[in-house]
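The sequence shown begins at 12 in this note's numbering and counts up one residue at a time. The C-beta atom is built at its ideal place from N, Cα and C for all residues, glycine as well.
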Amino acid sequence: MKNCKFCWVITLVLAVMVVGMGYFFLFKGNTFLGEDGRTAIVLSEGEKASVLGEMRDMLEGVQIITGAIAVNDMERVSEAASALGMVVANADSPELIAKLPLEVKTLGLGAHAAFDNLSEMAKTTQDPNEVLAELSDMMLACVSCHDGYRIAIEDLDE
Ligand code: HEC
12 MKNCKFCWVI TLVLAVMVVG MGYFFLFKGN TFLGEDGRTA IVLSEGEKAS VLGEMRDMLE
72 GVQIITGAIA VNDMERVSEA ASALGMVVAN ADSPELIAKL PLEVKTLGLG AHAAFDNLSE
132 MAKTTQDPNE VLAELSDMML ACVSCHDGYR IAIEDLDE
């Protein structure tokens, strides 16, 4: 066993595989560089529909929140924001989450956590502009993620 070159080769190959798989799951997700320069995240039809549904809920929520801020209805702001909080992220399937690159996981979780935070802020603040400024800041995550990523559908024939 002292001079087991073969063992070392096997160990090295396994180590490279572990690092490679760790890289894939943690950082890269299931992606390729799309023709428009954005990173395309490869999902199934069902996963895409579920992600886009979540996105439309967020757009709708942001509309409700801005409308409620305009009439200083902080209770409504708080309700609409909390519906988009971590409850939504926690409902995502582990298979879907594994396909997302680390930056998307971070931005996505950050966005949901920020809605919870906004909901709490709306309960305590007296100043609607403070809530509006916070919403504007949060929306940098929407802009940044849309700038860098799009969704592609996996080709089941391959
Ligand atoms: C972590 C990344 C990420 C964040 C954060 C994010 N989105 Fe998205 N969103 C996406 C991706 C990816 C798509 C699909 C784009 C594509 O394939 O061209 C998308 C699509 C959408 C769509 C289109 C839905 C449809 O049915 O086609 C809307 C609307 C949307 N997002 C709203 C928002 C809003 C509002 C926010 C912030 C409150 C937000 N998104 C935050 C990644 C994100």
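Q | Bridge partners - Thr50, DSSP secondary structure assignment | A | Leu44, Tyr160
Q. How would you call Val88, buried or exposed, if buried means at least 16 neighbouring beta carbons within 10 angstroms?
A. buried
Q) Would you call the stretch 72 to 89 and the stretch 97 to 112 touching, i.e. three or more CB-CB distances under 8 Å? A) no
Q: Please work out which residues of its chain come closer than 6 Å, Cβ to Cβ, to Phe126, disregarding the five sequence neighbours upstream and downstream, and give them in chain order.
A: Ala92, Leu95, Gly96
Q: Answer with buried or exposed for Cys156, where buried requires no fewer than 16 other C-beta atoms within 10 angstroms of its C-beta.
A: buried
Q) Since Cys153 and Ala122 are thought to touch, with beta carbons under 8 Å apart, how far apart are those beta carbons, to the nearest angstrom? A) 7 Å
Q) Hey, does Asp158 have any beta-carbon neighbour from chain D nearer than 7 Å? A) Included in the structure is just one protein chain, with no chain D present.
Q: Please confirm whether any heavy atom of the ligand HEC lies closer than 6 Å to the CB of Tyr34.
A: no
(Q) Quick check on DSSP: helix, strand or coil for Pro112? (A) coil
**Q.** Ile162 versus Asn14: straight-line alpha-carbon distance, rounded
**A.** 50 Å
Q. Going by beta carbon distance, what residues of the same chain come within less than 7 Å of Glu145, once the five residues before and after it are set aside?
A. Leu129, Met132
**Q.** Status (buried if at least 16 other CB within 10 Å, exposed otherwise) for Val24
**A.** exposed
(Q) Taking the beta carbon of Gly33 as the centre, do at least 16 other beta carbons fall within 10 Å, making it buried, or is it exposed? (A) exposed
**Q.** Beta-carbon proximity check, Leu120 vs Ala100, cutoff 7 Å
**A.** yes
Q) Among Glu56, Asp84, Val53, which residue has its Cα nearest to the Cα of Thr136? A) Asp84
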